[in-house]
Amino acid sequence: DQQVKQNSPSLSVQEGRISILNCDYTNSMFDYFLWYKKYPAEGPTFLISISSIKDKNEDGRFTVFLNKSAKHLSLHIVPSQPGDSAVYFCAASDRNANAGKSTFGDGTTLTVKP
Amino acid sequence: DTAVSQTPKYLVTQMGNDKSIKCEQNLGHDTMYWYKQDSKKFLKIMFSYNNKELIINETVPNRFSPKSPDKAHLNLHINSLELGDSAVYFCASSRQGSVSNEQFFGPGTRLTVL
């Protein structure tokens, strides 16, 4: 039972364009969502998060949108840069249960072409 | 100065052996985790410790035993290694009470069982 899903294993975009990475979840008790970025041979690093009481959070070139009714979130990167090429993981947590455990999706590999 | 460190980075061993992976964090965090990333790139939580106490124990074979000598260290000992244990293991930490439960990951240990 995979509660967090990233249905696109890979995405390729041109430098300067927008990258949109998608994530769906099934557990309506999730109340916090995070995106992590992972380069090869490194651990994931935190990128941006959003609380379930919001529908948008922006940090520089990165914006996360949350649609609770659809149980869907997306990460927008604009403009995309070659250095953004990495694996992006979506994660969700229910802070009132499971000791704040985060459930991860299986990642989307983003390639930004110069 | 590395925030979350793991040793060794690579571990190649024979089936049936016992091995340990060490993890240390210098962030002053209260909570530490072990994740397994298998060949499908899926990040799955194995254990979580808070102030040296086990708080999350997913369905993991009891050949895997975490040990937390203090809140800055969470080591993973694996007995009777099997081929299916081959994976990348990530240690992570987070600050108790953090709103987003943002986790800081180590660089990973690639375990290969022959």
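So the sequence lines, in the order shown, correspond to chains V and Z.
Under the numbering used here, residues 1 to 114 are what the first sequence spells out, in order.
Under the numbering used here, residues 1001 to 1114 are what the second sequence spells out, in order.
Just so it is clear, CB atoms sit at the ideal spot from N, CA and C, and this is done for glycine as well.
Residues of chain Z with a Cβ closer than 7 Å to the Cβ of V/P44 are, in chain order, F1105.
Counting C-beta pairs with one atom in each stretch, the region 2–16 of chain V and the region 1049–1069 of chain Z have fewer than three that are closer than 8 Å, which means they do not touch.
Distance check between Z/D1085 and each of Z/D1018, Z/T1002, Z/S1005 and Z/Q1006 places Z/D1018 closest, using alpha-carbon atoms only. Taking Z/Q1037 as the centre and dropping the five residues before and after it, the same chain places the C-beta of L1043, A1087, V1088 and F1090 closer than 7 Å to its C-beta, in chain order. Any Cβ of chain Z closer than 7 Å to the Cβ of V/K101 would place that residue at the interface, and such an atom is present.
Per the C-alpha coordinates, the member of V/E58, V/D84, V/K101 and V/F89 positioned closest to V/K113 is V/D84. For V/G107, the chain Z residues whose Cβ falls inside 7 Å of its Cβ are K1041, in order along the chain. For V/A86, the pairing in a beta bridge is given by DSSP as V/L110. Among the residues facing chain V, Z/F1090 is included, as its CB has a counterpart in that chain under 7 Å away.
Within the region 1006–1039 of chain Z, contact with chain V at the beta-carbon level (separation under 7 Å) is assigned to no residue.
Under the DSSP definition of a beta bridge, Z/P1066 partners with Z/L1076. For V/F46, the enclosing beta strand (DSSP E) has its first and last residue at T45 to S51. Only residues of its own chain outside the window of five on either side were considered, and among them S74 and H76 have a CB closer than 7 Å to the CB of V/I20, listed in chain order. Taking a beta-carbon distance threshold of 7 Å, V/F104 counts as an interface residue toward chain Z. Residue-level contact by beta carbon holds for V/S49 and chain Z, with a gap shorter than 7 Å. Proximity of chain Z to V/S93 at the Cβ level (cut-off 9 Å) is accounted for by S1100 and N1101, in chain order.
For Z/Y1035, the closest C-alpha among the options V/K101, V/N27, V/N57 and V/F46 is that of V/K101. The three-state secondary structure of Z/L1083, taken from DSSP, is helix.
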